[in-house]
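I have placed the structure first, in the form of structure tokens, so that the comments after it can refer back to it.
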Amino acid sequence: MKRNIIVVILAGLVVISLLAGMVGCPSTEYPLHDPLVRFRIATTTSLYDTGLWYHLEPIFEELANVEMDIVYAGTGIALEYGRRGDVDAIIVHDRAREDEFIADGYGINRRNFAYNFFLIAGPASDPAGIMGSTAAEAFEKLYDAGLNDPDTVKFVSRGDDSGTHAKEKLIWSQAGFDYEEVRNSGQWYVEVGRGMGPTLLMANEMQAYVLADISTFLAYNLKSGLDIVPIVDEDPIFLNVYAAIAINPEAHPGAKIDIANQLINWLISAEVQDIIGTYGSVEYGRSLFLPIAGCDMPGCPPVEDYTLPVPEYTGN
Amino acid sequence: MTELWEGLVTAVKLIISLDPEVMQIAGRSLAISLTASLLASLACIPLASLIHFRSFPGKRVLVNIIQTLFSVPTVVVGLFVFVLFSSAGPLGGLSLIFTPTVMVIGQAILITPILLGLTISALSGVDRALVDTARALGASGGQTAIIILREARYAVLAAVIMAFGRAISEVGLAIMVGGNIRGFTRVITTAIALETSKGELELALALGIILLAIALIVNFALNRIQQR
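Chains as they are written, first to last, in our numbering: chain P, 1 to 316; chain S, 1001 to 1228.
In structure tokens form, the structure reads like this:
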């Protein structure tokens, strides 16, 4: 009996693994549909933290008869997954890097499908006195106040090369600062390197200022009862446009371009634009994202960027 | 502090109600980490025996290196496996990135040093006299190895349990190579990380408690098997 004890242990492991395997894939309990094709996208964190993808995912899965795999990633890492060919489409929000990505031949068929605005939130007492400022003025005041009194004035930065982080850098440069200088200027400037939701929660804990998109702010405010409040939210630079980009099959032959095209056309369809225009209005009293067609200010994408369906891919 | 209590209550509720999403995540965690432990054990226990019973130049150095690798950060293994299996990587053609399979591979690599190192230690702990006696009574090399493995079974089992524990509790590798995809590669630890980042502290704590419950059951089962 004792002779083959190791064998018995290993056999036990096999049995447990098999049992666990059965538990792990309870296909009978999860009659979603047969995962015929796995279709993978990387999405910016705000669309995930607000639950929009949870809402859209099953609808598209049924429509396209695919199993949709959604990887949560800021714009920086989403673009990197796209460059490496690890996903079939990306959802991002940083026009400059999107242009570069497409110019480098990694992405095709970009369409904008939603927008919202950024805001600067902070403690209600507003110790840096930025209320009523433009974005650039506010950053300037934060810099001065932060250097003077880093115990009461702090700024929490995503610090993760996300679209929000890119917007922050843009505001710093508009205010005439060199970003490297800002991030090394003192302990008032806190880089956390996390998604939008976690960054908001950290800023809330620290009673710090933070640049956030309004959707994530509202979602977390409702869920976690944030103490920080929106202080500066009116400036054209706060415009935040989301884009869907298909991975170019010429760069990565395995990319599922047809499904990616279907997704993109679906995102700009009237059906989804309606969903986007109403998503969250029951809970928040306003929708979290705005349908792109309503975007009519300077900086909005040209109309063909969201009305022209992407053509079928025919190769070359 | 109320979060801790609420977490406990939530955990009990989720377990009693057999919440399908939670059960699925827990089952997936268990399946991935057990498979990884099994595969790594099958490879490592014989290999460790080989290292222990053979003498060759550089053996001490090798054992030192193996023991040093106990401390390898999970994210470093994760990065290594990601670069290897990412579509642009050398094994990208297998299309395994962001799948449970690559998580199994990653965890197996992660726990290999622990299994090798602790099995070698376990074998070293066996009384030298036993080896000599077995040899004197005419046992072959293979027979001697089996006798010693049997003698060291408690310590070897401890190595397997330790390795399983490291596999099921790590988060860096699982998120990096698995991608934390809901319904596909989301396991308990990555779900905890996500729920924490969403501010759902009670659910996160509850998942942590469920992970410990799973570990308890697995340890209990393994101990029962070896007491037979």
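Where is the CB? At the ideal position from N, CA and C, for every residue including glycine.
Listed by position along chain S, the residues whose Cβ is nearer than 9 Å to that of P/P198 are T1196, S1197, K1198, G1199. Each of P/K141, P/A128, P/D160, P/I268 was checked against the Cα of P/G195, and the nearest Cα belongs to P/D160.
Secondary structure of P/L63 (DSSP, three-state): helix. Taking the beta carbon of S/I1097 as reference, the chain P residues within 8 Å of it are D86, listed in sequence order. When DSSP reads this structure, P/S157 sits in a beta bridge with P/E191. When Cβ-Cβ separations below 8 Å define contact, P/G82 makes no contact with chain S. Contact annotation, P/V153 with P/L142: C-beta distance approximately 7 Å; criterion of less than 8 Å satisfied. Going by beta carbons, P/D213 and P/N240 fall inside the 8 Å limit. Here DSSP, grouped into helix, strand and coil, assigns P/N112 to strand. At a cut-off of 8 Å between C-beta atoms, P/L211 does not count as an interface residue with respect to chain S.
Residue-level contact check: P/L201 touches chain S, since one or more beta carbons of chain S fall below 8 Å from its beta carbon.
The beta carbon of P/E312 is closer than 8 Å to those of D258, N261 in its chain, skipping five residues each way along the sequence. P/D233 sits in coil when the DSSP states are folded into three classes, being neither helix nor strand.
Taking a beta-carbon distance threshold of 8 Å, P/K223 counts as an interface residue toward chain S. Within 10 angstroms of the beta-carbon of S/G1125 lie fewer than 16 other beta-carbons, which makes it exposed. Neighbours of P/G195 in chain S, taken as residues at a C-beta separation under 8 Å, are given in chain order as S1197. For S/I1111, the enclosing alpha helix (DSSP H) covers residues 1100–1124. Taking a 10 Å sphere around the C-beta of P/T314, we find fewer than 16 other C-beta atoms and assign the residue as exposed. DSSP places P/F39 in the strand class (E or B) of the three-state scheme. Contact annotation: in the stretch 234–265 of chain P, residues whose CB is within less than 8 Å of a CB in chain S are H252, G254. For the pair S/I1109 and S/V1081, the CB atoms are nearer than the 8 Å cut-off. Per DSSP, the continuous alpha helix (DSSP H) segment holding P/D274 begins and ends at 270–278. In terms of Cβ geometry, S/T1144 and S/R1153 do not form a close pair [threshold 8 Å]. S/R1186 sits away from S/I1015, with the two beta carbons spaced by 8 Å or more. Below the 8 Å Cβ cutoff, chain S contributes I1181, R1182 as neighbours of P/I70, in chain order. Excluding the 5 residues flanking it on each side, S/V1063 has same chain C-beta neighbours closer than 8 Å at I1051, G1117, I1120, in chain order. Contact of P/R286 with chain S is not assigned, every C-beta pair being separated by 8 Å or more. In the three-state scheme derived from DSSP, where H, G and I count as helix and E and B as strand, P/L119 is classed as strand.
Only residues of its own chain outside the window of five on either side were considered, and among them Y284, L288 have a CB closer than 7 Å to the CB of P/L218, listed in chain order.
For P/R40, at least one C-beta of chain S is nearer than 8 Å to its own C-beta.
Taking a beta-carbon distance threshold of 8 Å, S/A1088 counts as an interface residue toward chain P.
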